[in-house]
Amino acid sequence: MSEGKTDNSSYPAYDAEAIETKWQRVWEDEGLYKTDEDPAKPKRYVLEMFPYPSGDLHMGHARNYTIGDAMARQARMRGFDVLHPMGFDAFGLPAENAAIKHHTQASRWTHQNIAQTVKTMRRMGFSYDYDRMFNTCDPEYYRWGQWMFIKMWERGLAYRATSPVNWCPTCQTVLANEQVVDGRCWRCGSVPEKRELSQWYLRITDYAQELLGDLDRLDGWPENVKAQQRNWIGRSEGAEIDFALAAEDGVTPTDRKVTVFTTRADTLFGVSFMLLPPESALAAELVAGTQCEVAFKELRAATEKVSSVERQGSEREKHGVPTGRYVINPVNGRPVPIWVADYVLMDYGTGAVMGVPCGDQRDFDFAKKYGLEIAPIICEKDDPLYAELGDERELRIRSVDWDRAMVAEGYLVQSGEFTGLKGGKHSEAVDAVVKWLGEHGCGRETVQFRLRDWLISRQRYWGNPIPMIHCDDCGDVPVPEEDLPVLLPDDLDLGAGETLAEYAPFYETTCPRCGRPARRVTDTMDTFTCSSWYYLRYADPHNDNLPFSREAARRWMPVDNYIGGIEHAILHLLYSRFWTKVMRDLGMLDVDEPFTNLLCQGMVKDEHGDTMSKSKGNVVPPSSVIEPYGADTMRLAILFIAPPEKDFDWDPEAVAGANRFIKRAWRVVWTLARSADRGVVLDAAALGPQARELNRVLHEMGLRCTSDFDRGQFNTAISAVMELVNAASKYANEVSAERRDGALCWRVAHDIVAMLAPICPHWAEELHHEALGLAGSVYNEPWPSFDAEQAKSDTIEIAVQVKGKVRARIQVAADSSKDELEAAAREAVSSQIEGKDVRKVIVVPGRLVNIVAV
44 MSEGKTDNSS YPAYDAEAIE TKWQRVWEDE GLYKTDEDPA KPKRYVLEMF PYPSGDLHMG
104 HARNYTIGDA MARQARMRGF DVLHPMGFDA FGLPAENAAI KHHTQASRWT HQNIAQTVKT
164 MRRMGFSYDY DRMFNTCDPE YYRWGQWMFI KMWERGLAYR ATSPVNWCPT CQTVLANEQV
224 VDGRCWRCGS VPEKRELSQW YLRITDYAQE LLGDLDRLDG WPENVKAQQR NWIGRSEGAE
284 IDFALAAEDG VTPTDRKVTV FTTRADTLFG VSFMLLPPES ALAAELVAGT QCEVAFKELR
344 AATEKVSSVE RQGSEREKHG VPTGRYVINP VNGRPVPIWV ADYVLMDYGT GAVMGVPCGD
404 QRDFDFAKKY GLEIAPIICE KDDPLYAELG DERELRIRSV DWDRAMVAEG YLVQSGEFTG
464 LKGGKHSEAV DAVVKWLGEH GCGRETVQFR LRDWLISRQR YWGNPIPMIH CDDCGDVPVP
524 EEDLPVLLPD DLDLGAGETL AEYAPFYETT CPRCGRPARR VTDTMDTFTC SSWYYLRYAD
584 PHNDNLPFSR EAARRWMPVD NYIGGIEHAI LHLLYSRFWT KVMRDLGMLD VDEPFTNLLC
644 QGMVKDEHGD TMSKSKGNVV PPSSVIEPYG ADTMRLAILF IAPPEKDFDW DPEAVAGANR
704 FIKRAWRVVW TLARSADRGV VLDAAALGPQ ARELNRVLHE MGLRCTSDFD RGQFNTAISA
764 VMELVNAASK YANEVSAERR DGALCWRVAH DIVAMLAPIC PHWAEELHHE ALGLAGSVYN
824 EPWPSFDAEQ AKSDTIEIAV QVKGKVRARI QVAADSSKDE LEAAAREAVS SQIEGKDVRK
884 VIVVPGRLVN IVAV
């Protein structure tokens, strides 16, 4: 054997299937991943968003779970008591539809998929505490969702109301506002209709300000997620203004008021019309029995077919009808006509809007279309209008030849005693007008939120039943706690379209208060209610007396690392924050926020850059990588291809490359292990040049890998280990087995295994036992420590510039003085400065030398 070469026959070949099967069995038999519950250790709660069991896992799931698994394994090695659970978000419409299609029951379909998914999870080597696994469709779980609903009912946070709702004609159920994305159903993409229905709500608006304010405390969350939530909560500071409804003569004020919300009270003198949405009960009342009623009903019917997003679009043509009635402007007593317009929404502000066409483009377009007044009341001082109207206090309507609305900034004109004041949001004019309104009892400062209460009613079968009973005498009554859970029947004929509302054995009951016949509520809860608190149940999953104990929640909450998709920024993440705050106020929690650090992993796309989906038929199943290469190769490739928060295109060559590296690192570890001396203390000062350089790389790359793990940048952490493997391979090839430093070989082999253990667990466990000869699991070993001093290089590279352009790069001693750096630089570029006058030499220690020669 030639010097420096390794005898490949001295160690076994890397057999991924055999190794992975072996260690998965050992881990399960030994219960390695059961949560320790050791109060002497600091806790680390690592959680990936749990999946919907619509089928087997795909590569998007694999990426999410591999990220979390790497975090959890490394935290265990860093000395944390780790909680790393998994379960299934098992209720929902897809299972119901699949059951109908396959002539089975939703429960059976769901549990079949769960069994297959768990099998795949185990094959991937994920370190879940499977003893804590549950499915949200388990009665032992959804019982407590019903219990918490009742607690919210008792505190006035759950209620029933009749109001316009978003009805998805395809899914045949209502949608919360948050589930209408870009004007379409978040699940199926259909355009929802507006329907007037009696539905159940949770008062998330009671927490609007806290949900908004606490975003500033979430330093571990991506800014784009926080921005989406801020925009959705939508806090606006402004004023409510009361307009008296005029009698039928159009000028005599009545005692009835129409109240609007505005952030621009300074534009009140420019109000040309009042707008109500087509869904408005007041609008229907005003036109009843008049010649406007037919046109109103036609507009309302047409509007039901248009999404809220489309209705508000600035480029969409506006449609409206007059009511024939008026309100009285409180600041000048002018009658203002009331119109109904399709670009006004019931859930904005108070449901009534004052039209100021001179400063709002949509109002301007509406006024131009229907020939309504456009009164200029604000402009800059250099505008010709200001010269004409600057001293006008009384409103004088004049025709305008504008093509577009003016920018509503500048100084007020034609605005009574407020003429000449500077206008705009938060301006002196706004303050003055609001103060006047308050003094005259027709307005007040207020804060509005875009956020609306959470509509949780769903009209489908496969969900958590709302635990309420309606009695004609007692009204809505909660199911007694001892009768929970309200169980879903398992014998509905879903294929025939049978629903809970048509299934008498479910809805026929008696009133818990009076004992008379009553009807059980047949709506089920939005599945997001199940996923809004599942992370709390993991802390205490077998509790039969409460959803979770306060002590267990105190130990584990908040979740330290939460991993999931950006698509849940508004839905799941906002609802979970609300649920946590409610549980806190019920005395069950000590925390205000559920998730300390949030990582939104990027999407996995196919090799053509298209998002993977079953409907497109371009999903890459994990088995396509595991079968030829093994789970560890799949895990390594997923984490190495891109930073976790970035999208990436699936690259089969990157998978093959990951497999080549695993095999190379396998060989290097075995090679070093054959020369290792575990019983000798490593003396860095006594190492020869080649060993000293390997030791330096060990500490440099170890520090980098550790830091990158802490930042969740697994691709660069892997890159650091790759550099160490390269350095170790170079050392093994250049130095014969007899001359290698045994203590260094042991340390390098051990640390390569340890640093790759969170990413390639089976590979690492096999080497830990067989190559290094260590007992116990590699995950019960501490994470290696590294020394910054030993990571420093004896030499550094310096750039040499001549008149600002790099002409050479030189290696110099790290502690070289400025004079030594200048001398070395002059020598390196001597041919280029020969015969020239060196006017100046600029030395930047550790970086460059710039020689100015002419």
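With our numbering applied, the sequence shown covers 44 to 897. Yeah, the Cβ is synthetic: ideal placement off N, Cα and C, and Gly gets one too. None of these values were measured; they are calculated from a predicted model.
Query, Result
"The segment 187–204 in contact with the segment 98–111 per 3-pair CB rule at 8 Å", "no"
"The segment 64–72 / the segment 583–598 touching (three or more Cβ pairs under 8 Å)", "no"
"Bridge partner(s) assigned by DSSP for Cys-514", "Gly-518"
"Status (buried if at least 16 other CB within 10 Å, exposed otherwise) for Lys-879", "exposed"
"Same chain, Cβ closer than 7 Å to Leu-730, five either side skipped, listed in chain order", "Asn-738, Asp-784 and Leu-787"
"Uninterrupted alpha helix (DSSP H) stretches inside the segment 106–153 (no shorter than 4 residues)", "136–144"
"Backbone CA spacing between Val-821 and Asp-675 [nearest angstrom]", "15 Å"
"Collapsed DSSP secondary structure at Thr-714 in the structure displayed", "helix"
"7 Å Cβ cutoff met for Pro-804 and Gly-755", "no"
"Nearest residue (CA-CA) to Gln-117, options Ile-841, Pro-510, Ala-800 and Ser-859", "Ala-800"
"Own chain, CB closer than 6 Å to Asp-81, minus 5 neighbours either side, in chain order", "Asp-124"
"Assigned secondary structure, Ser-667 (DSSP; H/G/I helix, E/B strand, else coil)", "helix"
"Length of the line joining the Cα atoms of Gln-252 and Ser-241", "27 Å"
"Whole-angstrom distance between Arg-593 and Val-301, CA atom to CA atom", "48 Å"
"Start and end residues, beta strand (DSSP E) containing Cys-788", "That residue, Cys-788, is in no beta strand (DSSP E); its alpha helix (DSSP H) goes 785–799."
"Segments assigned alpha helix (DSSP H), at least 4 residues, entirely inside the segment 534–591", "547–550, 571–574 and 577–580"
"Cβ shell of Met-798 (< 6 Å), same chain only, five flanking positions each side left out", "Cys-748 and Val-764"
"Within 7 Å, strictly: CB atoms of Ala-851 and Ile-876", "no"
"Beta carbon of Ser-170 nearer than 7 Å to that of Ala-115", "yes"
"Lys-883, buried or exposed, once every other Cβ within 10 Å from all chains shown has been counted against 16", "exposed"
"Any non-hydrogen atom of the ligand FMN within 6 Å of Pro-320 CB", "With respect to the ligand FMN, the structure shown offers nothing to examine, as it has no ligands at all."
"Which of helix, strand or coil DSSP assigns to Gln-215", "coil"
"Nonlocal neighbours in the same chain, by C-beta distance under 6 Å from Lys-48, ignoring five residues either side", "With a pLDDT of 39 at Lys-48, under the threshold of 50, the modelled position of this residue cannot be trusted; read the value that follows with caution. None."
"Euclidean distance between Cα positions of Arg-405 and Gly-398", "9 Å"
"Cβ-based burial, Pro-235 [other Cβ within 10 Å; buried from 16]", "buried"
"Any C-beta of chain B under 7 Å from that of Trp-709", "Here chain B cannot be found, since the structure has a single protein chain."
"Run of the alpha helix (DSSP H) containing Arg-869, from where it starts to where it stops", "861–871"
"Same chain only: Cβ atoms within 7 Å of Val-845, ignoring 5 sequence neighbours per side", "Val-872, Gln-875, Ile-876, Ile-894 and Ala-896"
"For Glu-808, three-class secondary structure by DSSP", "helix"
"Complete beta strand (DSSP E) runs within the segment 821–853 (minimum length 3 residues, chain order)", "838–845"
"Anticipated Cβ contact below 8 Å, Ala-771 with Val-711, distance rounded", "5 Å"
"Per DSSP, cross-strand counterpart(s) of Val-379", "Val-370"
"Reference Arg-299, options Tyr-369, Pro-825 and Leu-498, closest by Cα", "Tyr-369"
"Completely contained beta strand (DSSP E) runs for the segment 451–490, where each covers 3 or more residues", "453–455"
"Sequence-distant residues of its chain with Cβ nearer than 7 Å to Tyr-546 (five each side left out)", "Pro-532 and Leu-535"
"Buried versus exposed call for Ala-83 [16 or more other C-beta atoms within 10 Å across all chains shown]", "exposed"
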